[in-house]
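Protein chains: 2
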Amino acid sequence: MVTDLTPEPAQPLTTKGQATRERIVRAAAELMFRDGVAGTSTPAIRDAAGVSSSQIYHYFADKEALTRAVIAHQTQAIVDTQSELLGRLDSLTALRAWRDVVVQAERDLHCVGGCPLGSLSSELAEHDPSARLALADSFSRWSGAIRDGLQRMIDRGVLRADADPHKLSLAMLAALQGGLLLAQAQRNSAALEAALDAMIERIEQHAVAPGG
Amino acid sequence: MVTDLTPEPAQPLTTKGQATRERIVRAAAELMFRDGVAGTSTPAIRDAAGVSSSQIYHYFADKEALTRAVIAHQTQAIVDTQSELLGRLDSLTALRAWRDVVVQAERDLHCVGGCPLGSLSSELAEHDPSARLALADSFSRWSGAIRDGLQRMIDRGVLRADADPHKLSLAMLAALQGGLLLAQAQRNSAALEAALDAMIERIEQHAVAPGG
DNA sequence: TGTGAAATGGATAGTCAAGTCCAAAAGCTT
DNA sequence: AAGCTTTTGGACTTGACTATCCATTTCACA
């Protein structure tokens with residue numbers, strides 16, 4: 653499920669062309685994160701990226717195609733970062749450290765904005781089937797990274813083998829997404845902290861030894 | 653925090669006027685749930701409600717005001733339903749029954765649409781401050797209903813007094829919202845079930861007696 | 001039953017976004 | 001350096017949406 657779900661008909665792109673394309677995607681990603689997809693106009697992207705209208709439509713068939721590129725961009729940014737963080741999971745202490753990083757990041761943003769993937773999914777899931785599929789895949793990769801971390805904890809004897817890493821990873825990602833959603837609405841990270849803490853305490857039920 | 657957050661300047665409304673207003677809100681709520689707020693045009697609402705354009709602007713100052721009315725409408729529908737369901741919480745068995753109702757409802761919808769309040773929050777939180785405040789209040793009332801149920805379980809000796817109903821209720825609502833978000837993207841209720849199950853198992857840590 | 005307020009119908013102004021088009025510049029290839 | 005492809009600029013078409021306006025009908029109430 654990690655195959656390329658949006659096989660854009662790859663035209664030949666010069667180095668300069670690649671740079672322009674990426675500038676457009678970055679600007680669009682930033683604006684769409686802030687204002688939503690529907691709230692982001694192509695003229696706004698054009699100005700933010702410092703390009704002309706024709707360039708947007710030279711590199712993307714339409715706004716939907718650009719949106720798919722934004723999804724791929726955000727997926728890579730988030731899943732890569734998360735995979736690195738979660739790649740170090742080898743103890744309950746490390747799991748709590750991951751929780752602290754996530755919570756601190758949200759606090760630093762004053763709970764503004766939520767999760768880019770969560771927002772995109774909420775806005776696009778019923779509107780753009782290919783976007784929904786791409787985001788489903790993004791979430792699968794993300795929960796897969798969590799699952800691998802939990803599996804590692806089992807392999808190292810931190811958690812007992814009766815833990816179900818797959819199910820727990822889905823639950824953890826759901827807690828994270830829901831926590832971010834509530835934190836955004838309430839401008840307060842309490843719900844995010846409660847959700848992640850509860851999920852960690854759930855995982856601790858499988859701990860071989862209490863504590864770290 | 654349950655005060656009226658959207659004190660629309662109440663004009664005199666005849667019975668007929670109230671009915672028309674409600675027809676508009678209902679139609680708008682349905683369309684906004686399906687297509688999002690930005691994706692719902694006033695002409696579409698006009699046609700769905702069977703009214704003329706002037707009627708929409710007779711009863712609402714602008715689309716934002718109508719959107720606030722939709723938020724109030726969905727809040728009442730959801731929080732009322734949930735409060736009734738959660739009002740029966742008096743055992744772990746009842747908690748699991750609540751979980752089953754929520755999961756079954758999502759399955760019946762084939763995981764299409766997510767939570768109306770969650771979708772509205774994701775779309776509007778950064779765009780319409782008064783909408784964000786109203787939705788924050790909606791979520792507080794919802795988690796409050798969960799908290800009351802958990803408190804009742806403590807009072808009845810089902811859960812020990814070391815359980816923190818407030819924090820657990822925030823975590824449970826986050827798990828629900830995140831589970832719905834992932835279920836919508838993946839068209840599969842597995843994440844919702846995993847999240848709710850994990851949260852119930854977390855709560856069971858405080859059970860006085862195992863089982864029911 | 002008459003009068004003013006409320007409700008309704010429908011046309012329309014004003015704005016803005018998506019996407020197209022074509023000419024011109026820049027860049028690669030040989 | 002010629003010739004072809006890629007890239008770029010920017011005007012423009014088309015269409016849709018928000019909101020307004022005003023004439024007309026319906027209704028409440030005295």
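Chains as they are written, first to last, in my numbering: chain A, 653 to 864; chain B, 653 to 864. Think of the CB as a built atom: it goes at the ideal place given N, C-alpha and C, for glycine as much as any other residue. Quick caveat: nothing in here was measured; it's all calculated off a predicted structure.
At least 8 Å separates the CB of B:ALA679 from every CB of chain A. Within the same chain, and ignoring the five residues on either side of A:GLU758 in sequence, the residues whose Cβ sits closer than 7 Å to its Cβ are LEU832, ALA835, SER841 and LEU844. Using a CB distance cut-off of 8 Å, B:LYS819 counts as an interface residue toward chain A. Identification of chain B residues near A:ARG686 by a Cβ-Cβ cut-off of 9 Å yields GLU778, ordered along the chain. The Cβ-Cβ distance between B:ILE730 and B:LEU785 does not fall below 8 Å. Comparing alpha-carbon positions, the option among B:PRO664, B:THR672, B:GLY691 and B:GLN670 lying closest to A:GLU775 turns out to be B:GLY691. Closest by C-alpha distance to A:ILE852, out of A:LEU802, A:GLN838 and A:VAL677, is A:LEU802. With its beta carbon at least 8 Å from every one in chain B, A:VAL860 lies outside the interface. Burial is judged here by how many other beta carbons sit within 10 angstroms of a residue's own beta carbon; B:LEU665 has fewer than 16 and is exposed. Proximity of A:GLU775 to chain B, defined by a Cβ-Cβ separation below 8 Å, is satisfied. Residues of chain B whose Cβ lies closer than 7 Å to the Cβ of A:SER771 are, in chain order, SER774. For the region 816-842 of chain B, residues whose beta-carbon sits nearer than 7 Å to a beta-carbon of chain A comprise LYS819, LEU820, LEU822, ALA823, LEU825, ALA826, ALA827, LEU828, GLN829, GLY830, GLY831, LEU833, LEU834, GLN836, ALA837, GLN838 and ALA842. When the alpha-carbon of B:VAL810 is set against those of B:PRO781, B:LEU741 and B:ALA788, the nearest one is in B:LEU741. Judged by their CB atoms, A:GLY830 and B:ALA859 are not nearer to each other than the 8 Å cut-off.
Fewer than three beta-carbon pairs drawn from the region 814-822 of chain B and the region 747-766 of chain A are found closer than 8 Å, and the two stretches are therefore not classed as touching. Under the three-state reduction of DSSP, A:ALA729 is assigned to helix. Taking A:LEU683 as the centre and dropping the five residues before and after it, the same chain places the C-beta of THR692, ALA696, ILE697 and ALA700 closer than 7 Å to its C-beta, in chain order.
The Cβ atoms of A:GLU856 and A:LEU738 lie no closer than 8 Å to each other. For B:LEU811, the three-state secondary structure derived from DSSP is strand. Annotation: A:ALA717 to A:TYR709 spans about 10 Å, alpha carbon to alpha carbon. Assignment of B:ALA846 by DSSP, reduced to helix, strand and coil, places it in the helix class. Its Cα nearest to that of A:GLY864, the residue A:ARG748 stands out among A:ARG748, A:THR667 and A:GLN734. At a beta-carbon threshold of 9 Å, the residues of chain A lying near B:ALA690 are GLY688, VAL689, ALA690, GLY691 and GLU775, ordered along the chain. For B:ALA859, the secondary structure class from DSSP, reduced to helix, strand or coil, is strand. Taking the beta carbon of A:VAL722 as reference, no residue of chain B falls within 7 Å; the closest one sits roughly 16 Å away. By a beta-carbon distance limit of 8 Å, B:PHE791 contacts A:ALA837. Their separation comes to about 6 Å. Below the 8 Å Cβ cutoff, chain A contributes GLU778 as neighbours of B:VAL764, in chain order.
Apart from the 5 residues on each side of it in sequence, A:LEU822 sits with its Cβ closer than 7 Å to the Cβ of SER795 in its chain, given in chain order. B:ALA861 is the residue among B:VAL764, B:ALA861 and B:ARG686 whose C-alpha sits nearest the C-alpha of B:ARG812. When the Cα atoms are used, B:GLY702 and B:ARG720 turn out to be separated by approximately 21 Å. Excluding residues up to 5 positions away in sequence, GLN836 and ARG839 lie with their Cβ nearer than 8 Å to the Cβ of B:VAL764 in the same chain. Of the other Cβ atoms in all chains shown, fewer than 16 fall within 10 Å of the Cβ of B:ARG808; this residue is therefore exposed. Taking CB atoms only, A:GLU758 has no neighbour in chain B less than 8 Å away.
In this chain, the alpha helix (DSSP H) harbouring A:PHE685 covers 667-687.
When C-beta distances to chain A are compared with 7 Å, the residues of the region 776-800 of chain B below that value are ALA777, GLU778, HIS779, ARG784, LEU787, ALA788 and PHE791, in chain order. Chain B places no beta carbon closer than 8 Å to that of A:ARG751, leaving this residue out of the contacts.
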